[in-house]
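Step one of this worksheet: look at the structure below.
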Amino acid sequence: MKEWLTPAEIAGMNLPEIPASERGVRLMADREGWQDRRSVAGVKLARRRKGRGGGYEYHYSVLPSKAQARIAIELNPETTKPAARKILSTDAAWAFFEGLPDTRKETARARLETLDAVLTLEKGGFQKALAVATVAQHSGKGKSSIYSWFDLVTGVPRADWLPALAPRHAGRVKTQPCDASAWEFYKSDYLRAERPTSRSCYRRLQRAAEDQGWKIPSQRTMERRVEKEVAPAVVTLARHGVDALKKMYPAQERDRSGFHALQAVNADGHLWDVWVEWPDGTIARPMMIAIQDLYSGMFLSWRFDRSENKEAVRLAIGDMVEDFGIPESIYLDNGRSFASKWLTGGIANRFRFKIKDEEPVGLLTQLGVNVHWTLPYSGQSKPIERGFRDFCADIAKEPEFEGAWTGNTPLNKPENYRSKAVKLDVFIRVVDRCIGEHNERPGRLAAACKGRSFAETFRQSYRTAPIKKATDEQRRLWLLAAEGVRAASRDGVIKLLGNRYWDDTLAAHRGQPLITRFDPDNLHDGLHVYRLDGSYLCFADCIEAVGFADAAAARDHGRQRRQWMKSAKGLLDLHRTLTGKELATQLPTPENLPPVESKVVRMATSSDAMARLGAKAEPAPLSDEDQAAADAAWAALNSDDAGADNVHILPSAAAARPYFDTDADFARWIIANPDKADASEKERVAELLENPSFRLLLGADVPPPDKPANIKTIGG
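Residue numbering for the sequence shown is 114 to 829, as defined by the working numbering.
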């Protein structure tokens with residue numbers, strides 16, 4: 114028998130673990146890479162076939178161990194090289210022996226013990242025939258059988274007698290004939306995602322065989338052939354999909370005990386199986402964004418919203434940073450149900466103002482946190498999903514949620530499905546309480562816990578771990594930033610979501626657009642105020658509304674306002690260091706002002722010259738009609754029967770007055786003699802008195818011009 118075989122020759126030998134068709138052998142050779150195999154000496158175990166047809170032929174050592182053993186037994190010793198025979202006896206024979214069931218191995222051991230007994234008697238002086246007869250009598254074995262066993266080990270080293278003595282019968286090795294096309298038809302039909310039964314596939318095969326003239330074996334033979342030639346992983350992939358195939362591969366066990374508290378955390382979203390009524394009346398299942406410590410398994414922070422979004426993730430991480438510190442690493446879900454939701458709204462769409470678009474990953478990087486992305490729905494990557502399973506089994510079925518539980522699948526709805534919806538505040542209160550109990554429950558079996566609770570495990574490690582704490586500025590990064598918020602123009606108060614916020618600093622920014630950072634779930638805690646360029650201004654407290662008749666609140670408010678006004682007055686005294694008179698002495702007076710010289714000179718005309726000489730221009734003559742109307746009016750006003758209401762007394766000439774060198778002298782005289790001034794002069798003095806420096810020149814006894822008494826004095 115030759116050592117180099119073609120695929121057709123291999124298929125025709127009915128070898129174990131080898132397909133019975135030439136095409137099957139070729140597929141097996143491609144799948145296992147026979148053409149690239151090499152021996153220990155580096156010699157290729159595949160070569161081009163010489164002669165008509167071409168193709169490849171393979172050395173029998175590329176075959177599975179059982180097939181190699183079969184060929185090794187059938188090889189002609191005369192045509193086999195001694196070195197190769199030795200390799201076969203040590204490798205192929207023992208590989209064949211290892212593949213045998215235990216019953217055949219026990220038979221080989223019993224035969225070896227029989228031969229050892231014969232050899233022992235021969236060493237004691239017995240002839241071989243007598244030794245064989247003696248052993249056969251005591252063991253119940255036939256003498257011919259013992260001699261045949263000696264034939265099996267002839268020329269075989271003593272160390273290899275055990276595999277040589279193993280029974281070689283293989284039972285029925287011939288299979289029923291099956292056309293290659295029929296086999297491919299059945300296999301392709303069976304390996305479909307619809308998972309048809311073997312019986313239905315065989316019925317279709319029978320119909321096709323009748324039409325095509327194929328020879329087919331029994332249904333059971335086809336089933337055994339699938340089990341023998343098609344790997345279970347291939348069957349699982351074809352009929353159950355990639356996820357089922359992934360489960361066939363052993364999961365990696367990750368030891369989290371090498372961490373310390375807050376060294377690494379993982380975050381994910383969980384949609385609760387509870388109907389909740391939101392403040393606006395909407396009934397929906399809440400989404401929780403939670404963060405869990407990887408070392409201890411303790412849940413560190415969680416936030417609720419209507420969907421997974423980056424704002425909720427920011428707030429949950431902010432709670433963790435605020436309460437515990439900054440982790441070294443965080444593991445986030447990279448699936449469509451978590452990360453991609455950061456690109457669209459959530460909280461941002463619920464407000465009238467604009468929420469500043471800040472990615473949590475960018476903020477994590479600013480704090481030096483290493484972000485790792487994990488596979489979605491992978492409990493091996495994120496232990497937090499194990500905790501979510503406990504929430505579904507325990508917390509979602511709390512007595513307070515009776516009638517609001519949705520069931521964990523559409524087919525597992527309770528009898529009282531959606532008969533009730535829990536108020537949001539009640540839901541949050543119950544979940545907060547139950548998660549606290551989940552953290553404090555003793556008897557945890559994790560390697561780091563050793564029977565302790567998650568919380569106790571975390572606390573013991575947290576006390577000695579090098580925890581990185583966040584500064585006030587870093588903690589504010591996690592709050593939502595609202596743009597386009599404007600301080601009131603009167604007092605600087607900021608109104609946000611129905612609340613009023615104020616601080617002394619805002620008085621200097623009245624009417625200006627500002628940026629505020631706030632926690633939407635804790636609006637009464639106040640908010641942080643920034644300029645539009647991002648620089649920090651102040652923290653503004655929430656001003657809560659009080660009852661209309663609350664006298665105590667009114668007194669407190671009045672006291673706080675008086676204290677604020679007193680503080681403002683004290684600051685004013687610090688800033689205003691000069692009195693009014695001190696200011697006036699440093700100001701230039703009107704009489705000391707240098708004369709203003711005109712830099713534009715115009716040539717005087719005849720009319721200008723006449724005006725400087727005091728010449729008066731002749732009035733324009735009236736028309737005949739206008740002159741007649743004027744004469745009639747004058748006669749009517751001066752007639753004897755004119756009424757008192759129609760009598761007009763013409764103003765007399767102004768009384769003689771002194772000459773004034775300055776405006777101050779003129780104003781003093783008008784104030785002292787209001788009855789001697791006309792309306793235009795009084796208006797002129799009133800305009801002068803509006804200047805504080807001018808009032809200081811007149812003296813401290815002159816009242817300010819905004820008082821009614823002064824107006825009356827000036828106006829007479």
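From the three backbone atoms N, C-alpha and C, an ideal C-beta is built for every residue, glycine too.
Spatially closest choice to residue i from the options, by CA coordinates
{"i": "leucine 140", "options": "Val156, Pro120 and Leu158", "result": "Pro120"}
{"i": "isoleucine 580", "options": "Gln376, Ala780 and Leu407", "result": "Gln376"}
{"i": "lysine 341", "options": "Glu130, Gln319 and Val347", "result": "Glu130"}
{"i": "glutamine 699", "options": "Ser806, Thr584 and Leu228", "result": "Ser806"}
{"i": "glycine 500", "options": "Phe412, Glu528, Leu384 and Lys423", "result": "Phe412"}
{"i": "proline 290", "options": "Ser331, Arg136, Leu645 and Leu225", "result": "Ser331"}
{"i": "proline 512", "options": "Lys533, Val598 and Ala206", "result": "Lys533"}
{"i": "valine 484", "options": "Leu275, Ile439 and Ala517", "result": "Ile439"}
{"i": "glycine 605", "options": "Ala159, Ala223 and Pro626", "result": "Pro626"}
{"i": "threonine 775", "options": "Ala741, Glu796, Leu810 and Ala792", "result": "Leu810"}
{"i": "valine 156", "options": "Arg144, Leu687, His172 and Asp143", "result": "His172"}
{"i": "phenylalanine 437", "options": "Arg572, Leu118 and Asp386", "result": "Arg572"}
{"i": "phenylalanine 298", "options": "Ala277, Val339 and Ile259", "result": "Val339"}
{"i": "isoleucine 402", "options": "Gly382, Trp388 and Trp391", "result": "Gly382"}
{"i": "methionine 400", "options": "Leu407, Leu243 and Trp388", "result": "Trp388"}
{"i": "threonine 203", "options": "Asn529, Thr395, Leu275 and Tyr649", "result": "Leu275"}
{"i": "glutamate 226", "options": "Trp327, Lys254 and Arg151", "result": "Lys254"}
{"i": "tryptophan 296", "options": "Glu528, Ser134, Arg689 and Ala159", "result": "Ser134"}
{"i": "leucine 118", "options": "Glu170, Ala244 and Val543", "result": "Glu170"}
{"i": "alanine 621", "options": "Glu145, Arg599 and Pro633", "result": "Arg599"}
{"i": "leucine 445", "options": "Asp406, Ile508 and Asp737", "result": "Asp406"}
Beta bridge counterpart(s) of residue i as assigned by DSSP
{"i": "aspartate 143", "result": "DSSP, once it has assigned bridges, lists no residue as partnering aspartate 143."}
{"i": "alanine 380", "result": "Ile404"}
{"i": "asparagine 483", "result": "Ser442"}
{"i": "tryptophan 415", "result": "Ala403"}
{"i": "isoleucine 784", "result": "Per DSSP, none; premise fails for isoleucine 784."}
{"i": "valine 387", "result": "Trp518"}
{"i": "asparagine 422", "result": "In the DSSP output, where bridge partners are listed per residue, asparagine 422 has none listed."}
{"i": "alanine 159", "result": "Tyr171"}
{"i": "alanine 653", "result": "Leu640"}
{"i": "tyrosine 614", "result": "Ile607 and Cys655"}
{"i": "valine 355", "result": "Valine 355 is not bridged to any residue."}
{"i": "arginine 151", "result": "Lys157"}
Length of the line joining the Cα atoms of residue i and residue j
{"i": "lysine 256", "j": "glycine 125", "result": "37 Å"}
{"i": "valine 269", "j": "leucine 350", "result": "46 Å"}
{"i": "phenylalanine 631", "j": "leucine 696", "result": "47 Å"}
{"i": "serine 680", "j": "isoleucine 607", "result": "22 Å"}
{"i": "serine 252", "j": "aspartate 273", "result": "23 Å"}
{"i": "glutamate 803", "j": "proline 771", "result": "24 Å"}
{"i": "glutamate 421", "j": "methionine 433", "result": "18 Å"}
{"i": "arginine 674", "j": "tryptophan 615", "result": "13 Å"}
{"i": "isoleucine 656", "j": "asparagine 612", "result": "7 Å"}
{"i": "asparagine 127", "j": "glutamine 250", "result": "40 Å"}
{"i": "alanine 246", "j": "threonine 310", "result": "59 Å"}
{"i": "proline 392", "j": "isoleucine 541", "result": "13 Å"}
{"i": "glycine 458", "j": "alanine 595", "result": "Model confidence at glycine 458 stands at a pLDDT of 36, short of 50, so the residue's coordinates are unreliable; what they give is reported in the following sentence. The alpha-carbon atoms of glycine 458 and alanine 595 are separated by roughly 14 Å."}
{"i": "isoleucine 200", "j": "alanine 185", "result": "Model confidence at isoleucine 200 stands at a pLDDT of 39, short of 50, so the residue's coordinates are unreliable; what they give is reported in the following sentence. Cα to Cα, the separation comes out at about 10 Å."}
{"i": "asparagine 786", "j": "glycine 683", "result": "42 Å"}
{"i": "arginine 150", "j": "glutamate 116", "result": "15 Å"}
{"i": "valine 539", "j": "arginine 531", "result": "17 Å"}
Distance CB(residue i)-CB(residue j) smaller than 8 Å
{"i": "serine 409", "j": "cysteine 562", "result": "yes"}
{"i": "tyrosine 575", "j": "alanine 380", "result": "no"}
{"i": "leucine 476", "j": "arginine 427", "result": "yes"}
{"i": "aspartate 302", "j": "cysteine 314", "result": "yes"}
{"i": "methionine 361", "j": "alanine 344", "result": "no"}
{"i": "cysteine 651", "j": "leucine 619", "result": "yes"}
{"i": "glycine 212", "j": "serine 178", "result": "yes"}
{"i": "arginine 416", "j": "alanine 429", "result": "yes"}
{"i": "asparagine 504", "j": "valine 535", "result": "Here residue 504 turns out to be phenylalanine, not asparagine, going by the sequence shown. Not closer than 8 Å, so no."}
{"i": "alanine 279", "j": "alanine 322", "result": "no"}
{"i": "leucine 610", "j": "leucine 636", "result": "yes"}
{"i": "arginine 552", "j": "alanine 578", "result": "In the sequence as displayed, the identity of residue 552 is asparagine instead of arginine. Contact: no."}
{"i": "isoleucine 259", "j": "valine 266", "result": "no"}
Residues near residue i in its chain [Cβ-Cβ closer than 6 Å; skip 5 each side]
{"i": "lysine 526", "result": "Gly520"}
{"i": "arginine 161", "result": "none"}
{"i": "glutamate 738", "result": "none"}
Other residues of its chain near residue i: CB distance less than 7 Å, five sequence neighbours each side excluded
{"i": "glycine 556", "result": "Gly564"}
{"i": "alanine 653", "result": "Ile607, Tyr614, Trp615, Asp616, Leu619, Gly639, Leu640 and Val642"}
Residues near residue i in its chain [Cβ-Cβ closer than 8 Å; skip 5 each side]
{"i": "arginine 603", "result": "Arg623"}
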